[in-house]
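Undergrad: Each residue of the sequence shown is one higher than the one before, starting from 79 at the first, in the numbering used here.
Below is a structure I'd like to ask you about.
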Amino acid sequence: MYATDVADDLSEVLYTEAQIQARVKELAAQIDVDYAGKEPLLVGVLNGAVMVMADLFRELTIHAMMDWMAVSSYGSGTQSSGVVRILKDLSTDIVGRHVLVVEDIVDTGLTLTYLLENLASRNPASLKLAAMFRKPEANKVHIDMAYVGFDIPNKFVVGYGLDYDGRYRNLKDVAVLNPGVYA
Ligand code: 5GP
């Protein structure tokens, strides 16, 4: 699905599919260099990170593995609740592994703070974060974000895995959702 298919629901396209893909390639090239010889484990956060994980993972030229976690975040609203629950845990033992968490977007960072603390307690060799999008609020969080795709304004966006009430994940572009859709 492209922005033109749901134009009435969107107020502004922030990044097109082509721009997103170009940026993903750049991030992958950096990860290739940083993790050479380390065979990192990329941990995706379901469901939002599905698209960025699939694209980023395929661009890597080094050996890497993949695992997934699911945590509860927004429910069906557009505000972060701060309530985090693990709905699905890793299948992999991460002791001594180089773990790179792959996130769709970091807003308040509440979800991530919890997740990183939880993963750190399992004694990985290293623990870093890659996020496709970062909102201004995220700068207040003292998390070292090793890889960031784009800094975006403090607006509710959809597309490239990001949903509103389950919809728009299949939108190839990333766009600001027209507030009329959730008003
Ligand atoms: P945080 O805990 O950093 O505030 O939010 C983390 C999660 O909230 C993200 O992984 C994502 O699922 C959701 N989220 C935050 N901002 C947005 C947004 O602008 N659009 C959508 N669709 N989800 C968002």
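Virtual Cβ for every residue (Gly too), placed ideally from N, Cα, C.
(1) The alpha helix (DSSP H) spanning I221 covers which residue range?
(2) Might you give, ordered along the chain, the residues of its own chain that have their beta carbon closer than 7 Å to the beta carbon of A253, omitting 5 neighbours on each side?
(3) Classify R200 as buried or exposed, calling it buried when 16 or more other Cβ atoms lie within 10 Å of its own Cβ.
(4) Apart from the five residues just before and just after A78, which ones in its own chain have a Cβ nearer than 7 Å to its Cβ?
(5) To the nearest angstrom, how far is the alpha carbon of D243 from that of V259?
(6) Are there 16 or more other CB atoms within 10 angstroms of the CB of H220, so buried, or fewer, so exposed?
(7) Have a look at the DSSP bridge pairing and note the partners of F228.
(8) Within 7 Å: the Cβ of E181 and any heavy atom of the ligand 5GP?
(9) Counting pairs of beta carbons, one from the region 172–186 and one from the region 205–215, are three or more of them closer than 8 Å?
TA: On the basis of the coordinates in this document:
(1) It is not in any alpha helix (DSSP H) - I221 carries neither H nor E in the DSSP assignment.
(2) A81, L88, E90, V91, L92, V235, V236 and G237
(3) exposed
(4) Examination of residue 78 is not possible in this model, given that the chain is present from 79 through 261 alone.
(5) 10 Å
(6) exposed
(7) F211
(8) yes
(9) yes
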